[in-house]
Ligand SMILES: Nc1nc2c(ncn2[C@@H]2O[C@H](COP(=O)(O)OP(=O)(O)OP(=O)(O)O)[C@@H](O)[C@H]2O)c(=O)[nH]1
Ligand SMILES: [Mg+2]
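Chains as they are written, first to last, in the numbering used here: chain A, 260 to 445; chain B, 14 to 148.
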């Protein structure tokens, strides 16, 4: 059995639902924070994910980062050497979607690795009447940046754990490839 | 008499007294088992550390470390009974060549009582590094 650890940056504009998704995932869906509480420092939440059919586990160190510029700038230094990234936007906000490119650049500038496992999450799908970003549009953008795309509604407990599980899986796959590579070298 | 290269082997009484990451298919004991085909893997994030405790009175002039994906390495030594009070011994930026295990020779001058060697991998590539052997 192996236990891997991945530092995962969760980033995106303010109020898109980053903290909510993380809290839900941490509590296995039992805790939906009803009132908005602005994230001002980087909170690190750890959660262990079992990788199916492997006996291995990945411990995710989820770095819940502030979306508000002023607070983000103070915590940016803590993003060093990320192992995975989770970009979140709000499907009812065109701006939060178009800002994803900038968030991605910021995270990529913190790593020297050519490849970083990552997901894009369109949250708040329960607000279907106010939807401003189409699924296909987000999927295309995600694919063009090597990210896997997920839609979630934290409010209705829909898919909230999928993006994190997918990240743990890709990180695990990367590890296996690395080990195979080491084997082939000796 | 101990030949150079013997000290860091489990057959010479060396043991791993600490390793920060674990995959029991590639445990840190692989570093000192004398088998060239086995290795220890780190399992995400840096720094990663391991301590090898040597047996008996030692005089060490050279440490050879075989690794892959290790970028920056620090070695500390401690000559106390418990692995504490470590003193910096050397600091290395390793030349990492993709797709290769790299052998690094580090000249040191260590003498004393039972010695612990503390290896700290400060930076690696792609979050995972492998250590094949130390001598
Ligand atoms: N309708 C709806 N509201 C949601 C959903 N997810 C989160 N919210 C609400 O959106 C608001 C902001 O959520 P947070 O998780 O605090 O947002 P954040 O991205 O962490 O924001 P910052 O900490 O400022 O960066 C809260 O009031 C949540 O209850 C969702 O799926 N649907
Ligand atoms: Mg928040």
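The beta carbon of each residue, even a glycine, is placed where N, CA and C say it ideally should be.
Rounded to whole angstroms, the gap between the alpha carbons of residue 395 of chain A and residue 115 of chain B is 46 Å. Secondary structure note for residue 48 of chain B: it is in no beta strand (DSSP E), with a DSSP letter that is neither H nor E. Relative to ligand 1, the nearest heavy atom lies less than 7 Å away from the CB of residue 298 of chain A. Sixteen is the threshold: when 16 or more other Cβ atoms of the shown chains lie within 10 Å of the Cβ of residue 61 of chain B, as they do, the residue is buried. Judged by the Cβ position, residue 323 of chain A qualifies as a neighbour of ligand 2 at the 7 Å threshold, a heavy atom of the ligand being closer than this. Closest in C-alpha terms to residue 421 of chain A, from the list A/322, A/295, A/393, A/308, comes A/308. Residue 385 of chain A has its alpha-carbon roughly 47 Å from the corresponding atom of residue 111 of chain B.
The DSSP assignment places complete alpha helix (DSSP H) segments of no fewer than 4 residues inside the stretch 267–349 of chain A at 277–285, 328–334, in order along the chain. Annotation: Cβ neighbours of residue 264 of chain A in chain B (cutoff 9 Å, chain order): 34, 56, 57, 58, 140. Taking 7 Å as the cut-off, one finds at least one heavy atom of ligand 2 near enough to the beta carbon of residue 277 of chain A. Excluding the 5 residues flanking it on each side, residue 282 of chain A has same chain C-beta neighbours closer than 6 Å at 290, 292, in chain order. Taking the C-beta atoms as reference points, residue 376 of chain A is found no nearer than 8 Å to residue 319 of chain A. Between the alpha carbons of residue 109 of chain B and residue 136 of chain B lies a distance of about 11 Å.
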